[in-house]
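Scroll down for the structure; my scribbles are underneath it.
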Amino acid sequence: MDDFGVYLLHQILAGLKTTISLFVACAVTGNILALPVGMARISERRWLRYPAIAFILGFRGTPLLVQLYIAYFGVGQILASVPSIRYSPLWPLFRGAYIYAYFTLSLNTAAYCGEIWRGAILGVPKGQSEAGRSLGLSRARIMLSIVLPQALRIALPSIGGQNILLLKGTALAAMITVFELMAAANLVRAQTFRVYEPLLAAAVAYFLLAVVITSGFGLVERRIASRY
Amino acid sequence: MDSTSSWLTLLSFGDQGWGDELVRGACLSLGISISAYLIGLVLGLVGAVAKLSGNRVAIATASAYTTIIRSIPDILIIFLVYYTATDAFRSLMSLSGFPAEFQLNGFVAAAFSLGIVQGGYSTEVLRGAIVAVARGQSEAASALGLTRRQTFFLIILPQMFPLALPGLGNLWLVVLKESSLVSLIGFTELVLVGKMAAGATRHYLLFYASIGAVFLIMSGISTALIHLVEEKTYRTWRHG
Amino acid sequence: MKKMAIVLSAIVATLGLARSSLAADDVIRFGVAAEPYAPFSVKDASGKWQGWEIDLMDAVCEHMKAKCEIVDIAWDGIIPALLEKKFDVIWSSMSITDERKKVIDFTDKYYYSPNVLVGARADTRAFDVSKPETFQGTAVAAQNASLQATYLQQKFAGVVDLKIYPTLDDEVADLLAGRVDLMAAAGIQIQDFLKKPEGQAYEVKVTLPHEQMFGYGDGGGVRKEDTALRDRLNEAIKAVRASGEYDTITKRYFDFDIYGD
Chain D
1 MDDFGVYLLH QILAGLKTTI SLFVACAVTG NILALPVGMA RISERRWLRY PAIAFILGFR
61 GTPLLVQLYI AYFGVGQILA SVPSIRYSPL WPLFRGAYIY AYFTLSLNTA AYCGEIWRGA
121 ILGVPKGQSE AGRSLGLSRA RIMLSIVLPQ ALRIALPSIG GQNILLLKGT ALAAMITVFE
181 LMAAANLVRA QTFRVYEPLL AAAVAYFLLA VVITSGFGLV ERRIASRY
Chain W
1001 MDSTSSWLTL LSFGDQGWGD ELVRGACLSL GISISAYLIG LVLGLVGAVA KLSGNRVAIA
1061 TASAYTTIIR SIPDILIIFL VYYTATDAFR SLMSLSGFPA EFQLNGFVAA AFSLGIVQGG
1121 YSTEVLRGAI VAVARGQSEA ASALGLTRRQ TFFLIILPQM FPLALPGLGN LWLVVLKESS
1181 LVSLIGFTEL VLVGKMAAGA TRHYLLFYAS IGAVFLIMSG ISTALIHLVE EKTYRTWRHG
Chain B
2001 MKKMAIVLSA IVATLGLARS SLAADDVIRF GVAAEPYAPF SVKDASGKWQ GWEIDLMDAV
2061 CEHMKAKCEI VDIAWDGIIP ALLEKKFDVI WSSMSITDER KKVIDFTDKY YYSPNVLVGA
2121 RADTRAFDVS KPETFQGTAV AAQNASLQAT YLQQKFAGVV DLKIYPTLDD EVADLLAGRV
2181 DLMAAAGIQI QDFLKKPEGQ AYEVKVTLPH EQMFGYGDGG GVRKEDTALR DRLNEAIKAV
2241 RASGEYDTIT KRYFDFDIYG D
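Put into structure tokens, the structure is as follows:
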């Protein structure tokens, strides 16, 4: 392999590591947060429902790129001028862009998946919870043992799709200086003036990652389906 | 009080403020979104028909198209199309004997790049809707002696429309936000205008939040309009 | 099949504006990086491009008797966009280097700028370019596709935490926020920032040595096959310099000569 190839591979692998770590971290956080968000969204208590609606509206109504800019260049700048953060031991964490990408992508995923959960929970036939009530089960029990597992089956394909969108979203973190796969491709593209090769190499890497993630979700779907 | 008035000045219309530039950028965003949406619909229709055609080559091509669009970041596809496609397209044209000396102006190139991404998403929405139109419809049509093309345009397409409406509405909301990506190839729509304003004045949060607000407004209006269209369509459409 | 051909050609015709050779159609499109780069090129609040480089472009176009349009483009895609014929001339403070000459051609230089690293006055570390260890542990900002980024990557990889930004003003934003210790920039351009109130607390820490990779000054970029255009531009640049217009323009923005020797 020639010089260019080695350079390209080296950068791509470095970027790939960050993409994977960012994706996993955001997927875990985002998906865990999604359920409470979804439940708050359909809660009867207004103090839960209104903030949830605002949260989901905010993240679903604006582009991810703008959210990242607001987080890093907007909020991040303000945080950097707060002395208690600037001179705290946590500063190295807030200095870099990774944490802002992490928060933005996680909250973004939580908002979209929360909406998916809402649709899924509402999609479970009402008869199910009515049957549970007639059996004398508490509302919490009904939710946990009857509604949620069925909602999960309904939601899973869409949640899988949303996680792929999360993978694609990590590519935008390059615009706030996170050195992930897209940034690596951009760097090689700029340094070597070759456009096709770096972009195609990154495309292959993303494709492989997407295949892995989709298969993973497919596996989970099948295992859950087999329960019934 | 002083800082609020300076914010208002920055956002105002006229020469001193960036307000009119933001609005101009928003109009460009809308323009790009509409163009890309329409291009995406055309590509989606072609893709959906290809997937349902039974022709193995067509199915394979269409599947490859949608799989690629769905697994690769949109910005990467836009870069590939914008920075290399005109060249590839030109060599394709010269190979097939067409005149190769043409130029796509910036707007068209950006809309096309975005439209190709939209086409990938549209294919699945339209395919689902076409399939949902009762099978009996096409059988009845062929019994009446209509050609396949007539069946498609006169029977299937009109009935597919209401079924596809939620998906189509969603696609519009998606393209509205995706248009922000063309700012990364230097096309001066809303996000890039805001970014340049923020960079020139160093009021980052103000301008980025303003851009976010404009997008919220556009999404909100779009959602309301989509609901309106859905209500009107379902009222006049009787399920067979 | 014939129908398809007709439809296709109709699409092609409606899609684009057919542009024949440049001599016949005297609109020359200049590609400018879509970011504020004061005082060379900035978009003001009314959406007009202003700046030294814009004034020079107007003067050059007057001499060439051509109509000039500005096309916005992202900096890190400016060379591919030129090759893709999205515009005809790169006019965005691009340095003439041997590396770039492999891909595109350049006009004569129209100004020269050294490359520098800027940091906070309060930062008292003694940075020495010949001793990379003095930079250990610093975070340095550089713009993607810039020469400074290439330089830092080659000489200081592993020693500094190099952060790559899409535009220069993003670098400045992070320098002001304290998220990077040093910022790579063009020496002449960054004076504009240092003179402003928010730039008072910063200064040039290091002037990067004049290496061969930094090239021979900034000039306009053209495609290799556009030799006629390049010659026209060179003639015009010479004329603008000879007539004193160059100095008039420069005096509007700088109090020293930026042409270099």
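Protein sequence lines correspond, in order, to chains D, W and B. In terms of my numbering, the first sequence has 123 at position 123, counting the first letter as 1, and numbering is strictly consecutive. Convert by adding 1000 to the 1-based position in the second sequence; the result is the number in my numbering. Convert by adding 2000 to the 1-based position in the third sequence; the result is the number in my numbering. Ideal placement from N, C-alpha and C gives every residue a C-beta, glycine not left out.
In this chain, the alpha helix (DSSP H) harbouring Asp2058(B) covers Trp2052 to Met2064.
Assigned with DSSP and collapsed to three states, Gly1044(W) falls in helix. Contacts between Arg1024(W) and chain B, judged by CB atoms closer than 8 Å, involve Gly2047 in chain order.
Here the alpha carbons of Leu1022(W) and Phe1207(W) stand approximately 9 Å from one another. Residues of chain B whose Cβ lies closer than 7 Å to the Cβ of Asn186(D) are, in chain order, Asp2076 and Asn2144.
Listed along the chain, the chain B residues whose CB falls inside 9 Å of the CB of Phe179(D) are Leu2162, Lys2163 and Ile2164. Listed along chain D, the residues sitting closer than 7 Å to Gly1212(W) by beta-carbon distance are Thr62, Val66 and Ile70.
Only residues of its own chain outside the window of five on either side were considered, and among them Leu64, Leu65, Leu68 and Met182 have a CB closer than 8 Å to the CB of Leu172(D), listed in chain order.
At a cut-off of 8 Å between C-beta atoms, Lys2086(B) counts as an interface residue with respect to chain W. When the Cα atoms are used, Phe207(D) and Thr1067(W) turn out to be separated by approximately 9 Å. Distance check between Asp2261(B) and each of Leu2229(B), Lys2155(B) and Asp2218(B) places Asp2218(B) closest, using alpha-carbon atoms only.
A direct Cα-Cα distance of roughly 17 Å separates Gly114(D) from Gly169(D). For a Cβ distance threshold of 8 Å, residue set Lys1195 and Gly1199 of chain W lies close to Thr2167(B), ordered along the chain.
By the CB criterion at 8 Å, Ala2081(B) and Tyr1083(W) fall inside the cutoff.
Within the region 2182 to 2214 of chain B, the residues whose Cβ lies closer than 7 Å to some Cβ of chain W are Glu2198, listed in chain order.
Contact annotation, Ala1164(W) with Leu1126(W): C-beta distance approximately 6 Å; criterion of less than 8 Å satisfied. Arg133(D): member of the alpha helix (DSSP H) spanning Lys126 to Ser134, first to last residue. At a cut-off of 8 Å, the C-beta of Pro2039(B) has no neighbouring C-beta in chain W. Not a single CB atom of chain W sits nearer than 8 Å to the CB of Glu2225(B). The beta carbon of Asp2174(B) sits no closer than 8 Å to any beta carbon of chain W. The C-beta of Arg1070(W) comes closer than 8 Å to at least one C-beta of chain D.
Judged by beta-carbon spacing, Lys2205(B) lies beyond the 8 Å limit of Leu2147(B), meaning their Cβ atoms are not closer than that value.
One thing to note: Ala25(D) has its Cβ within 8 Å of the Cβ of Tyr102(D). A straight line joining the alpha-carbon of Gly1186(W) with that of Asp2088(B) spans about 16 Å. With a threshold of 8 Å between beta carbons, Asp1074(W) makes no contact with chain B. Proximity of chain W to Gly74(D) at the Cβ level (cut-off 8 Å) is accounted for by Tyr1204, Leu1205, Tyr1208 and Ala1209, in chain order.
Annotation: the region 65 to 134 of chain D contains the following complete segments of the alpha helix (DSSP H) (minimum length 4 residues), in chain order: 76 to 80, 83 to 86, 91 to 95, 98 to 123 and 126 to 134. Per DSSP, Trp2091(B) lies in no alpha helix (DSSP H) segment; the continuous beta strand (DSSP E) that holds it begins and ends at Val2089 to Ser2095. CA-CA distance, Lys1177(W) to Gly58(D), rounds to 12 Å. Taking CB atoms only, Tyr196(D) has a neighbour in chain W less than 8 Å away.
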